[in-house]
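Using my numbering, read the sequence shown as starting at 19 and increasing by one per residue. Below is one structure, written out as structure tokens; comments come after it.
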Amino acid sequence: MNVQQHIQLQPYNSFRTKALAKLFAQPETVEELQEILTTYKSENKLIIGHGYNLFFTRDFDGLIIKPEIYGLQILEENDYWVEIEAGASEDWDAFVEFCVSRGYSGIENLSLIPGTVGAAPIQNIGAYGAEVKDVITLVKTVETGSGNVKNFTNAECDFTYRNSIFKQTRKYVITSVIFRLQKSFSYVEKYADLSRELKDNPHPLLREVREAVINVRNRKLPDPESLPNAGSFFKNPILTKEEKENLLALLPDAPVYNAGTDGFKTSAAYLIEKAGYKGKRKDNVGTYEHHALIVVNYGTENGKEISDFVQDIQHEVKSKFDIGLEPEVWMF
Ligand code: EPU
19 MNVQQHIQLQ
29 PYNSFRTKAL
39 AKLFAQPETV
49 EELQEILTTY
59 KSENKLIIGH
69 GYNLFFTRDF
79 DGLIIKPEIY
89 GLQILEENDY
99 WVEIEAGASE
109 DWDAFVEFCV
119 SRGYSGIENL
129 SLIPGTVGAA
139 PIQNIGAYGA
149 EVKDVITLVK
159 TVETGSGNVK
169 NFTNAECDFT
179 YRNSIFKQTR
189 KYVITSVIFR
199 LQKSFSYVEK
209 YADLSRELKD
219 NPHPLLREVR
229 EAVINVRNRK
239 LPDPESLPNA
249 GSFFKNPILT
259 KEEKENLLAL
269 LPDAPVYNAG
279 TDGFKTSAAY
289 LIEKAGYKGK
299 RKDNVGTYEH
309 HALIVVNYGT
319 ENGKEISDFV
329 QDIQHEVKSK
339 FDIGLEPEVW
349 MF
């Protein structure tokens, strides 16, 4: 197995910050991955996909593993549903397109989310009222410490909003994911932005929903290829009843949604905008002019500049509204 040394990580993180990895490996099979994990047992490790949700502020003193495990396979199907196993390194949106083109529904709202199939369960990707947890039946992994295969049923993944056991523990390398998708489709209104886009079409086809999602995203979110970013930088905060009341006393128009037993969810983008940080730029880093929750890199190669800017936002929101913003993006 080829393990490289002193590899530049700039192409492997969507903010395009510079950092060197002491060691870097791209296993192509589960067996190769196991061999690397057991050979380099004592190294600090980080597993990356397309790197759309992370960036580096310094060199990485350890082993970066970028699995190259591909393949799509239909495992089982009947008149109603199909079960598909997808290799962790498959491109997420190409997988969505594959499913939509065959009439398999369940992930169309998650169109155009950048990243790999293997990254999807880690933070339980979600958009326009859908979350990937609703269609996952099994996640296949290798345990980083032992190199042993360990599979997780949906319930064992501990999925919550932008979270899972994989994100909590960072102890497993996802090698493939099994999805159960439906062969029928009827559009259910779940999210205002998407319904507005589809307003002239009350009964859209599966493909039309995918297209509408792509249109909304292209309008609101910057393309990471032309303006480096990592999507939403922070999670939408979950508030207790008291925090919610404090917020509404300060900002009576604040959007507040019921988040079930967890409490109340508000909008991080709204808070950042109200703190005066929408479209704000400090040197080479800023927030996107059309969406306050997206931090964009206008040209720095130094991740520290990004993390400093992010801290400024957190500080402003905390001091103005007494709410802590938790990053969704991983910083190293
Ligand atoms: N808003 C503002 N200012 C802005 C933008 C938005 O005040 O500049 C307010 C508006 O009230 C708007 C609300 O925020 O109605 C929600 O905005 P949006 O619909 O864009 O959704 P979001 O909560 O900011 C979440 C996900 C996105 C996902 C969208 C659509 C998180 C952290 N982010 O964003 O996911 O695409 O909903 O479902 O939950 C990502 O995770 O990287 C991501 C892009």
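Using N, Cα and C, we set each Cβ at its ideal position, and we do this for glycine too.
Given that a residue counts as buried once 16 or more other Cβ atoms are within 10 Å of its Cβ, and exposed if not, what is T134? Here residue 134 is taken as the residue at index 116 of the sequence shown, counted from 1. So T134 ends up on the buried side.
Completely contained alpha helix (DSSP H) runs for the segment 114–193, where each covers 4 or more residues: 183–187
Among S123, V206 and K262, which residue has its Cα nearest to the Cα of Q200? As a first step, residue 200 must be located in the sequence shown, where it is residue number 182. When only C-alpha atoms are compared, the closest one is S123.
I'd like the span of the alpha helix (DSSP H) that includes N276, first residue to last. Along the sequence shown, one-based indexing puts residue 276 at 258. Looking at the DSSP string, N276 is not in any alpha helix (DSSP H); the run it does join, the beta strand (DSSP E), is V274 to N276.
Taking its Cβ as the centre, do 16 or more other Cβ atoms sit within 10 Å of N71, making it buried, or is it exposed? Translated into positions along the sequence shown, residue 71 becomes position 53. Buried, by the Cβ-count rule.
Assumed close pair I192, V153 - CB separation to whole angstroms, cut-off 8 Å: For the purposes of this step, residue 192 is identified with residue 174 of the sequence shown, where counting begins at 1. For the purposes of this step, residue 153 is identified with residue 135 of the sequence shown, where counting begins at 1. With a Cβ gap of about 15 Å, I192 and V153 do not count as contacting.
Could you check what DSSP says for L93 in three-state terms: helix, strand or coil? In the sequence shown, counting from the first residue as 1, residue 93 sits at position 75. Reduced to three states, the DSSP call for L93 is strand.
When you measure from the CB of F177 to every non-hydrogen atom of the ligand EPU, does any distance come out below 8 Å? Locating residue 177 in the sequence shown gives position 159, where the first residue counts as 1. No, the beta carbon of F177 sits no closer than 8 Å to any heavy atom of the ligand EPU.
Buried or exposed by the 16-neighbour rule on C-beta atoms within 10 Å, applied to A351: Here the chain has residues from 19 to 350 only, and residue 351 is not among them.
Buried or exposed (CB count within 10 angstroms, at least 16 for buried), P85: As a working note, residue 85 is residue 67 in the sequence shown. It is buried - the Cβ of P85 has at least 16 other Cβ atoms within 10 Å.
Less than 8 Å separating the Cβ of S32 from some heavy atom of the ligand EPU? As a working note, residue 32 is residue 14 in the sequence shown. For the ligand EPU, not one heavy atom lies less than 8 Å from the Cβ of S32.
With distances taken from CA atoms, which of K259, D271, R299 and N302 is nearest G281? Along the sequence shown, read from residue 1 onward, the residue named residue 281 stands at position 263. The residue with the shortest Cα to Cα distance from G281 is K259.
Closer than 8 Å is the cut-off here; do at least three beta carbon pairs connect the segment 45–61 with the segment 316–332? no
How many whole angstroms separate the CB atoms of K40 and G105, which I take to be in contact at a CB cut-off of 8 Å? In the sequence shown, residue 40 corresponds to position 22, counting from 1. In the sequence shown, residue 105 corresponds to position 87, counting from 1. That pair is no contact at about 27 Å.
From P132, A287 and F74, residue whose alpha carbon lies closest to that of D241: The residue labelled residue 241 in the question sits at position 223 within the sequence shown. Residue P132 is the option with its Cα nearest to D241.
Residue span of the alpha helix (DSSP H) that contains Q329, given as start and end: Taking the first residue of the sequence shown as 1, we reach residue 329 at position 311. From DSSP, the alpha helix (DSSP H) with Q329 extends over G321 to F339.
Got a sec, what are the start and stop residues for the alpha helix (DSSP H) L223 sits in? Taking the first residue of the sequence shown as position 1, residue 223 is located at position 205. Careful: L223 lies outside any alpha helix (DSSP H) and carries neither H nor E.
Leaving out the 5 sequence neighbours to the left and right, which residues in its chain are closer than 6 Å to D111 when beta-carbon positions are compared? Within the sequence shown, numbered from 1, the residue matching residue 111 stands at position 93. Hits under 6 Å: L130.
Euclidean distance between Cα positions of G69 and E263: Numbered from 1 along the sequence shown, position 51 holds the residue referred to as residue 69. Numbered from 1 along the sequence shown, position 245 holds the residue referred to as residue 263. Cα-Cα distance, rounded: 38 Å.
Taking the beta strand (DSSP E) that S250 falls in, what are its first and last residues? Counting from 1 along the sequence shown, the entry for residue 250 is found at position 232. Segment N247 to S250, the beta strand (DSSP E) holding S250.
Does the CB of N71 have a neighbour CB from chain D at under 9 Å? Chain labels in this structure do not include chain D; a single protein chain is all it has.
Going by the C-beta, is D211 closer than 8 Å to any heavy atom of the ligand EPU? Here residue 211 refers to the residue found at position 193 when the sequence shown is read from its first residue. Yes, Cβ of D211 sits closer than 8 Å to a heavy atom of the ligand EPU.
Three or more C-beta pairs under 8 Å: does that hold for the segment 204–220 against the segment 139–157? yes
In whole angstroms, what separates the C-alpha of K168 from that of E307? The count along the sequence shown starts at 1 and reaches residue 168 at position 150. The count along the sequence shown starts at 1 and reaches residue 307 at position 289. Taking the straight line joining both Cα atoms gives about 43 Å.
From L245, V328, F350 and E53, residue whose alpha carbon lies closest to that of S164: Here residue 164 corresponds to residue number 146 of the sequence shown, with the count starting at 1. If we check each option's Cα against that of S164, E53 comes out closest.
Just to check, is the beta-carbon of P273 closer than 8 Å to a non-hydrogen atom of the ligand EPU? On the sequence shown, position 255 is the one that residue 273 refers to. The answer is yes for P273.
So for E101, helix, strand or coil by DSSP? What you label residue 101 is simply residue 83 of the sequence shown in a count that begins at 1. Strand, per DSSP.
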